[in-house]
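J.:
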Amino acid sequence: MNKFFSFFFCIILLASCSQYQKALKSDDVAVKTEAANKMFETGKYLKAIRLYEQVAPAYKGKPQAERLFFMYSKSLYNTKQYYLAGYQFENFSASYPKSEKREEAYFLASECFYKLSPVYSLDQTDTEKALEKVQKFIDTYPNSEYLPKANLYIKELREKLEEKAFEIAKQYNSISDYKGALKAFDNFIADFPGTPFKEEALYYRLDSAFKLAINSVEYKKQERLSYAKTTYINLVKFKSDTRYKTAADDMFATIEQELKQFSK
Numbered sequence: 146m147n148k149f150f151s152f153f154f155c156i157i158l159l160a161s162c163s164q165y166q167k168a169l170k171s172d173d174v175a176v177k178t179e180a181a182n183k184m185f186e187t188g189k190y191l192k193a194i195r196l197y198e199q200v201a202p203a204y205k206g207k208p209q210a211e212r213l214f215f216m217y218s219k220s221l222y223n224t225k226q227y228y229l230a231g232y233q234f235e236n237f238s239a240s241y242p243k244s245e246k247r248e249e250a251y252f253l254a255s256e257c258f259y260k261l262s263p264v265y266s267l268d269q270t271d272t273e274k275a276l277e278k279v280q281k282f283i284d285t286y287p288n289s290e291y292l293p294k295a296n297l298y299i300k301e302l303r304e305k306l307e308e309k310a311f312e313i314a315k316q317y318n319s320i321s322d323y324k325g326a327l328k329a330f331d332n333f334i335a336d337f338p339g340t341p342f343k344e345e346a347l348y349y350r351l352d353s354a355f356k357l358a359i360n361s362v363e364y365k366k367q368e369r370l371s372y373a374k375t376t377y378i379n380l381v382k383f384k385s386d387t388r389y390k391t392a393a394d395d396m397f398a399t400i401e402q403e404l405k406q407f408s409k
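Mapping of the sequence shown onto the working numbering: position 50 corresponds to residue 195, and the numbering continues sequentially without gaps.
1) With R388 as the anchor, note down where its alpha helix (DSSP H) starts and where it stops.
2) Hey, would you say E344 sits closer than 8 Å to F311, going by beta carbons?
3) Can you list, in chain order, the residues of its chain whose CB lies under 8 Å from that of S266, leaving out five sequence neighbours each side?
4) I'd like the list of long-range same chain contacts for G325, defined as Cβ closer than 7 Å, with 5 residues on each side in sequence excluded.
5) Jot down the residue ranges of each uninterrupted alpha helix (DSSP H) in the segment 354-404, minimum 4 residues, whole runs only, in chain order.
6) Exposed or buried, what is Q402 when buried is set at 16 or more other beta-carbons lying within 10 Å of its beta-carbon?
7) Which residue wins for smallest C-alpha separation from F330, given the options D271, Y348 and F407?
8) For the alpha helix (DSSP H) holding D331, just list the boundary residues, first then last.
9) Going by the CB atoms, is the gap between L327 and S353 shorter than 8 Å?
10) Starting from Y259, follow the alpha helix (DSSP H) in both directions and report where the run begins and ends.
11) Going by the beta-carbon positions, is the gap between L380 and T387 smaller than 8 Å?
12) F282 to F252, Cα distance in whole Å?
13) Is V176 helix, strand or coil when you go by DSSP?
14) Please tell me whether Y227 and C257 are closer than 8 Å, where the distance is taken between their beta carbons.
15) For the alpha helix (DSSP H) containing Y317, list its first residue and its last residue.
16) Nearest by alpha-carbon distance to S218: which of A203, K207 and R195 is it?
17) Straight-line CA distance for S408 to L351?
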């Protein structure tokens, strides 16, 4: 029985391959289109793509182009060709504003950009683009069935940008660029007020302010020490039992000691 089914499957597979090869060589657009649709329906998306690309020029400006265009875009999506798929879905949405598939195409376009977003440690240009695209979809279709997914994508994309910004600020501190670190941490805290990294960011801002002040030229020292004191107050105000308390208290004691010379 198993041999029979294996034989039967091979016959179907050979017939499918034969139909595909015949369609590739055919000059008949209808034959190619029928074969392309069959490849799409049976999940043979790479073959469908090749055939759709061959027949696309013949359907330009015709009503049948809408369905073909969508299936071609979906084939690219299903083969994880997200750059091309995103571009094609956006073109579809612009070309067929009244299509019943427009909302789905609009969402899939934004999802393609989401899938192109890299891990936070890499350049986040594609993440920023994805955030813009997904937000635009939400603004356009606020009651969409795809809204839960879109909101989840927004959350994940923002978290990547948040983590990237935090790591950049920490890097300034680690290379002893304390001015750059202070600016980066100030921006980070302002841009992400609810961040889970806030305690750590406040501590490293104190650390940067302290080291900048201690190593400062004399005429800028008092001002920088006073700012460092403010960063200490901000940290303990945010979390009085901060896990950085010992190190922070040591820095604060030094700041107070250094400031005494300016009160004489």
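Backbone N, C-alpha and C define an ideal beta-carbon position, used for all residues, glycine too.
T.: In terms of the structure at hand:
1) Note, R388: premise wrong, no alpha helix (DSSP H); not H, not E.
2) no
3) K309 and E312
4) Y317, listed in sequence order.
5) 363-383
6) exposed
7) Y348
8) Note, D331: alpha helix (DSSP H), Y323 to D336.
9) yes
10) Where Y259 is concerned, the enclosing alpha helix (DSSP H) stretches over R247 to L261.
11) yes
12) 6 Å
13) Three-state DSSP puts V176 in a helix.
14) yes
15) L292 to S319
16) R195
17) 22 Å
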